[in-house]
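Below is one structure, written out as structure tokens, with a few remarks after it.
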Amino acid sequence: MTAKIIDGKLFAENLRGRIAGHVQRLKTEHGITPGLAVVIVGSDPASQVYVSSKAKQTAEVGMNSYKHELPAETSEADLLALVAKLNADPAVHGILVQLPVPKHIDPNKVIEAIDPAKDVDSFTPANVGKVQIGLPGPVSCTPLGALMLLRDHLGNLEGKNAVIIGRSNLVGKPMMQLLLRDNCTVTVAHSKTQNLADVVRQADIVVAAVGRPEMVKGDWLKPGAVVIDVGINRVPAPEKGEGKTKLVGDVDFASAVDVASAITPVPGGVGPMTIACLLANTITTASLING
Ligand code: GUN
Numbered sequence: 001m002t003a004k005i006i007d008g009k010l011f012a013e014n015l016r017g018r019i020a021g022h023v024q025r026l027k028t029e030h031g032i033t034p035g036l037a038v039v040i041v042g043s044d045p046a047s048q049v050y051v052s053s054k055a056k057q058t059a060e061v062g063m064n065s066y067k068h069e070l071p072a073e074t075s076e077a078d079l080l081a082l083v084a085k086l087n088a089d090p091a092v093h094g095i096l097v098q099l100p101v102p103k104h105i106d107p108n109k110v111i112e113a114i115d116p117a118k119d120v121d122s123f124t125p126a127n128v129g130k131v132q133i134g135l136p137g138p139v140s141c142t143p144l145g146a147l148m149l150l151r152d153h154l155g156n157l158e159g160k161n162a163v164i165i166g167r168s169n170l171v172g173k174p175m176m177q178l179l180l181r182d183n184c185t186v187t188v189a190h191s192k193t194q195n196l197a198d199v200v201r202q203a204d205i206v207v208a209a210v211g212r213p214e215m216v217k218g219d220w221l222k223p224g225a226v227v228i229d230v231g232i233n234r235v236p237a238p239e240k241g242e243g244k245t246k247l248v249g250d251v252d253f254a255s256a257v258d259v260a261s262a263i264t265p266v267p268g269g270v271g272p273m274t275i276a277c278l279l280a281n282t283i284t285t286a287s288l289i290n291g
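Quick note on numbering: full-length UniProt numbering labels position 272 of the sequence shown as 272, and the sequence is numbered without any gaps.
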């Protein structure tokens with residue numbers, strides 16, 4: 001079997017097209033231009049690339065983009081003051097503070113400072129709770145993007161055995177909630193799970209979000225499984241030349257592609273969906289804020 005490659009880049013492009021139409025309608029029919037503020041503290045190169053892409057794509061769909069780049073030595077108090085200012089700014093409908101923040105800043109304090117009505121990451125306790133009990137509001141971007149790809153490929157997810165590898169607040173836990181809401185039977189595996197390969201082999205759907213390059217091998221998969229690879233790991237690529245690097249996922253694509261029925265590539269799978277869903281969440285918060 002050779003798996004179908006799930007094209008997240010194309011899906012995200014189409015989604016952004018629909019979002020641009022929605023933004024246009026919000027502008028002309030309601031006089032609202034959604035505004036998204038992205039905040040980055042420090043100069044982590046990967047975070048800078050993500051934040052620049054977020055700001056660029058925000059502007060491309062017609063929203064206002066406010067980018068705040070703060071030096072690494074910014075104090076926690078100063079960051080909290082900026083968040084408070086953005087909370088109070090009526091032109092800002094979404095606030096995203098790029099994680100990780102430098103070590104001297106408590107990320108939980110920052111997350112809790114964001115007005116849940118503008119929390120486009122869906123990281124605040126209020127929004128995590130809303131997702132859990134099924135109330136409307138923003139949904140964590142990467143899990144939402146993964147869910148859209150799964151629904152698009154499989155249709156109804158009801159009754160599927162889903163195994164999520166990784167229990168992070170950013171991906172694993174919200175993914176669990178979303179798949180439960182779609183009536184999957186969900187297992188969340190993690191670093192202490194015993195016989196991980198055997199657990200993964202039970203899955204109709206595998207979501208790999210563990211942050212370990214190419215950890216999930218093809219022989220861990222049930223033939224025909226659908227594999228969503230959330231990992232984005234930069235590794236050395238000596239085959240491309242000395243000092244060169246490449247991006248790989250948490251799944252060993254070369255072996256998995258022969259066993260799975262469908263798989264997301266890295267890059268070009270879940271990654272582009274994360275930003276598109278961030279824009280979708282900004283429409284959600286802008287619409288909810290304006291009643
Ligand atoms: N760092 C890596 N992914 C994310 C994300 O989705 N949101 C934020 N705020 N930071 C991140």
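Glycine is no exception: its CB is placed at the ideal position from the N, C-alpha and C atoms. As the structure is a prediction and not an experimental result, all values here were calculated from the model.
- Taking the Cβ of Leu149 as the reference point, every heavy atom of the ligand GUN lies at 7 Å or farther away.
- Ile228: member of the beta strand (DSSP E) spanning 226-229, first to last residue.
- About 5 Å separates the beta carbon of Val41 from that of Leu70, a gap short enough to meet the 8 Å contact definition.
- Relative to the ligand GUN, Val97 has its C-beta within less than 7 Å of a heavy atom.
- Distance from Lys109 to Glu73 at the Cβ level is roughly 17 Å; contact not present, criterion being Cβ atoms closer than 8 Å.
- For Glu13, the uninterrupted alpha helix (DSSP H) segment begins and ends at 8-30.
- In the displayed model, Pro236 falls within a strand according to three-state DSSP.
- Here the distance from the Cβ of Leu170 to the nearest heavy atom of the ligand GUN is below 7 Å.
- With respect to the C-alpha of Leu179, the residue from Lys192, Val206, Gln194 having the closest C-alpha is Val206.
- Per the Cβ contact rule, the region 30-39 is not in contact with the region 6-14 (fewer than 3 Cβ pairs under 8 Å).
- Residue nearest to Ile5 within the set Ala280, Val226, Ala276 is Val226 (criterion: CA-CA distance).
- Among the bridge pairs identified by DSSP, Lys4 is matched with Ala262.
- Here the region 243-254 makes no contact with the region 100-116; the two share fewer than three CB pairs at distances below 8 Å.
- Contact check for Ile95 against Lys130 fails: the beta carbons are separated by 8 Å or more.
- Rounded to the nearest angstrom, the Cβ distance from Arg201 to Leu170 is 26 Å, too far for a contact under 8 Å.
- DSSP, read as helix, strand or coil, puts Ala162 in strand.
- Exclusion of the five residues before and after Asn183 leaves Glu158 as the residues of its chain whose Cβ lies within less than 6 Å of its Cβ.
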